[in-house]
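Participant: Positions in the sequence shown are counted from 1; adding 892 to them yields my numbering.
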Amino acid sequence: MSDLASDPYASIMKLSKAFRNRSVSPSEVMEAQLVRIEAIDPKLGSYQSVYGDAALAAAKEADTAIANDQRLGPFHGIPFALKDIFELEGQITTCGSREMLQRISPTTGTVASRLLEAGGIVIGKTKTVECALGGWGTNEQMGTPWNPWDLKEARVPGGSSSGSGVAVASGLASCATGSDTGGSVRLPAAFCGLTGLKVSKACLPTDGIMPLSQTLDTPGPMTRNMADLALMFSIMQGMNADNLEKDIMNGRGIFRIQENIFKELKLGILSQEERSRCTDNVLESYDATLELLVELGAELEIFKPPIPYDDLAQLNGAISMYEGYQNHRKFYDDPSKKMDQNVKKRMLAGRDLNSVSHAERLQNRQDNQLVFKAAMAEFHALLTPTVLEPAPRLVDIDEDFTPGYFTRPFNYIDMSALALPTTYSEKGLPTSIQIVVPAGQENFVIQMGTALEKALSLSNEPDFSSLYF
């Protein structure tokens, strides 16, 4: 087996090039991936289900296709994971609930289909917070994935796309899908040291994804670097494989590295009041990143949100809880069902919000969006920490508090936001910055993230030696 095949952190771009050059095969990579999952996922618990035999068979089919010059494009043969709210025809989709352990998906949604049609090979389904309603990543019924950055003390993985975050950070998948209603891509990306993109509502289809909030839900990619995120995002959008290959090869479009992209950009930063909510570790990382951006030519100015972030987060929560309850009430109204009690508390809070007030909330949201976007008009982007603190220990969290203080507001306003790792705390835990842009500017935020990633030159991986010896 080649060194590349046995490298769990090999980038999608590197694997894609190796597959194209036939220096390594998809089946070699898949075999190594499955061995690694068997070795360390019993500790981590990132997967709800693993399709080992089917994944290896698909990888061997990819071997044959590539050998016969029938390669489908840059994603052909790449192993990826689906959050267990993404429907996959004929497979169980639990939505993180013990009550849905036997639920068979009748169809495959558009986003999952695009990844499969591009030649991607699904390894399995990753764990999620029950019904995708929770930012810490906990699940008392199905198990909470273990954040790989601390193998001694259990720390939050972030949610609700908890398993996807842990799997990708641990080298158990090259990339994974997540969904983001109030931070569920960005929170696990931040706590697990990944790149994660929250798209604007109209960017990607949500069919075939079990809903929490039809108003707020968005699917998104979770990867270990920006180039891989750009590739996965392009495929999720349905980009033509030939055009995608040409853009990658020639450094065009979203793959064009613009090192001077920050020159003369006006970026909004936190006020002192907002800074006071963050831990020292987070502020040190945030400030160091801001200094770097100034060196790259950016102009920084304090942005004072016209509606406090805390208020926006609460408004977002009210919509997600009301709609979440409407979608899943048959489970939470029945006391005989074994549901996660923390999620049940949130869902039943949604029950107490009547439909008339919900209609008013949606109208108020439109009004608030106009106010916020007007205030942001003079800025190219906003910069916040993604989370208030590095991943806390599970025993220390308050389930009644959301870690989505800086993430929820931008679901409510409907903006695109990127979570990008910046450095590490003194305990070796990842820190993360969030870059926020207006709806529809996903390519712009990806290009900014790519340039910042290059300037940061961050390189580190969790240490799994204790699990092998």
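For each residue, glycine too, the CB sits at the ideal point set by N, CA and C.
Classify residue 1116: buried if its beta carbon has 16 or more other beta carbons within 10 angstroms, exposed otherwise.
Facilitator: Looking at its Cβ environment, which holds 16 or more other Cβ atoms inside 10 Å, residue 1116 is buried.
Participant: Output the distance between the C-alpha atoms of residue 1119 and residue 1350, rounded to the nearest integer angstrom.
Facilitator: Distance between the alpha carbons of residue 1119 and residue 1350 is about 14 Å.
Participant: Buried or exposed: which applies to residue 925, given that a residue is buried once 16 or more other Cβ atoms fall within 10 Å of its Cβ?
Facilitator: It counts as buried.
Participant: Which residues bound the beta strand (DSSP E) around residue 1362?
Facilitator: Nothing can be reported for residue 1362, as the shown portion of the chain is limited to 893 through 1361.
Participant: Assess, as a yes-or-no matter, whether the segment 1010–1019 is touched by the segment 937–957 under the definition of 3 or more beta carbon pairs within less than 8 Å.
Facilitator: The answer is yes - the segment 1010–1019 touches the segment 937–957, with three or more Cβ pairs under 8 Å.
Participant: Just to confirm my understanding: we take residue 978, look at its own chain, exclude 5 residues before and 5 after, and list those with CB closer than 6 Å. What are they?
Facilitator: Excluding positions up to five away in sequence, the list reads 1004, 1069, 1101.
Participant: Going by beta carbon distance, what residues of the same chain come within less than 6 Å of residue 987, once the five residues before and after it are set aside?
Facilitator: 977, 1023, 1102, listed in sequence order.
Participant: Output needed for residue 1347: all residues of its chain with C-beta closer than 7 Å, excluding positions within five of it in sequence on either side, in chain order.
Facilitator: Counting only Cβ-Cβ distances below 7 Å, and skipping sequence neighbours, we find 1184, 1188.
Participant: Please report the residue range of the beta strand (DSSP E) in which residue 1275 lies.
Facilitator: That run of the beta strand (DSSP E) goes 1273–1277.
Participant: May I ask which residues mark the beginning and end of the alpha helix (DSSP H) holding residue 1091?
Facilitator: Note, residue 1091: premise wrong, no alpha helix (DSSP H); not H, not E.
Participant: Less than 8 Å separating the beta-carbons of residue 894 and residue 927?
Facilitator: Taking 8 Å as the Cβ cut-off, residue 894 and residue 927 do not qualify as a contacting pair.
Participant: Taking DSSP as the reference, what is the three-state secondary structure of residue 1218?
Facilitator: Residue state, collapsed to three classes: helix.
Participant: Could you give the C-beta distance for residue 1251 and residue 1078, rounded to a whole number, given that I count them as a contact under 8 Å?
Facilitator: Contact doesn't hold; Cβ gap of about 28 Å is too wide.
Participant: So for residue 1192, helix, strand or coil by DSSP?
Facilitator: Note: residue 1192 maps to strand in three-state DSSP.
Participant: Can you give me the C-alpha to C-alpha distance between residue 1090 and residue 1074, rounded to a whole angstrom?
Facilitator: Their backbone Cα atoms lie some 9 Å apart in a straight line.
Participant: Considering Cα atoms alone, identify which of 1264, 952, 1067, 942 is closest to residue 1128.
Facilitator: The shortest C-alpha separation from residue 1128 is found at 1067.
Participant: Can you tell me where the alpha helix (DSSP H) with residue 964 in it begins and where it stops?
Facilitator: From DSSP, residue 964 is part of no alpha helix (DSSP H); its letter is neither H nor E.
Participant: Which residue comes first and which comes last in the beta strand (DSSP E) that contains residue 1070?
Facilitator: Note, residue 1070: beta strand (DSSP E), 1067–1072.
Participant: Using the C-alpha atoms, what's the distance from residue 999 back to residue 1034?
Facilitator: For residue 1034 and residue 999, the distance between alpha carbons rounds to 24 Å.
Participant: On the DSSP letters alone, give me the boundaries of the beta strand (DSSP E) that residue 941 sits inside.
Facilitator: Element bounds for residue 941: 939–942.
Participant: Going straight from the alpha carbon of residue 1263 to that of residue 1058, what length do you get?
Facilitator: Cα to Cα, residue 1263 sits roughly 37 Å from residue 1058.
Participant: Could I get the ranges of all uninterrupted alpha helix (DSSP H) runs contained in the segment 1248–1322, with 4 residues as the minimum, in chain order?
Facilitator: Counting only runs of 4 or more, we get 1300–1305.
Participant: In angstroms with no decimal places, state the Cα-to-Cα distance between residue 913 and residue 1295.
Facilitator: C-alpha separation (whole angstroms): 44 Å.
Participant: Run through the DSSP bridge pairs and tell me what residue 926 is partnered with.
Facilitator: Answer is none; residue 926 lacks a bridge partner.
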